[in-house]
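Numbered by numbering that gives the first Met the number 0, the letters in the sequence shown go through residues 0 to 144 in order.
For glycine and all other residues, C-beta sits at the position ideal for the given N, C-alpha and C.
Down below is the structure, laid out as structure tokens.
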Amino acid sequence: MPQIWATYDELAEHFGRTPAETRDAVIAAAWPRRQCSDGQTRVKLTPTLGVELTRAYIRSVDGGGSTTDLPIASDAAATAAVTPASPSPDLARLQAELNQIRSVLSSALLDLAAERERTATLSSELLRLTVQQADWQAEPARRVA
């Protein structure tokens, strides 16, 4: 997808602001900026703003009377145009590996849950036997007393 870069002056003229206000807004929005060889800083525009600014420029060059609009698709259509129709073999392989890892992880989590349940059962049994042993040890002492 083509990149459109504009100076602060060009953006200021388009938005009806001063170049200083435009610069502050660009910095606040964290848009990419680049110092060019002509000494001016240019700002990388979003696709939507780039289309809007290009259309405004063409209208100004045509004298404002042009009814012709640029045949530029929406952002979603432009993105879809550069997105491959089918996943690459590497992507398909990575997705298969990811699914396999998810399966192994799911199995491991089920095993962990079963092991925790078994540990809880054994802990209960150990506690019951410890109490029973304490009762047996205390029983002869009660008989003597």
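- In the three-state DSSP reduction, residue 16 falls in the coil class, being neither helix nor strand.
- Within the same chain, and ignoring the five residues on either side of residue 88 in sequence, no residue has its Cβ closer than 6 Å to its Cβ.
- Looking from the CA of residue 24, the closest CA among 33, 36, 11 belongs to 11.
- Rounded to whole angstroms, the gap between the alpha carbons of residue 13 and residue 59 is 11 Å.
- Within a 10 Å sphere around the beta-carbon of residue 9 sit 16 or more other beta-carbons, which makes this residue buried.
- With distances taken between CA atoms, residue 26 lies nearest to 40 out of 15, 36, 106, 40.
- The straight-line gap separating the alpha-carbon atoms of residue 138 and residue 120 is approximately 27 Å.
- Within a 10 Å sphere around the beta-carbon of residue 21 sit 16 or more other beta-carbons, which makes this residue buried.
- Residue 118 carries a helical assignment under DSSP once its states are collapsed to helix, strand and coil.
- For residue 53, the three-state secondary structure derived from DSSP is helix.
- Shown here for residue 31: same chain residues with a beta carbon closer than 6 Å to its own, the five before and five after excluded, namely 43 in chain order.
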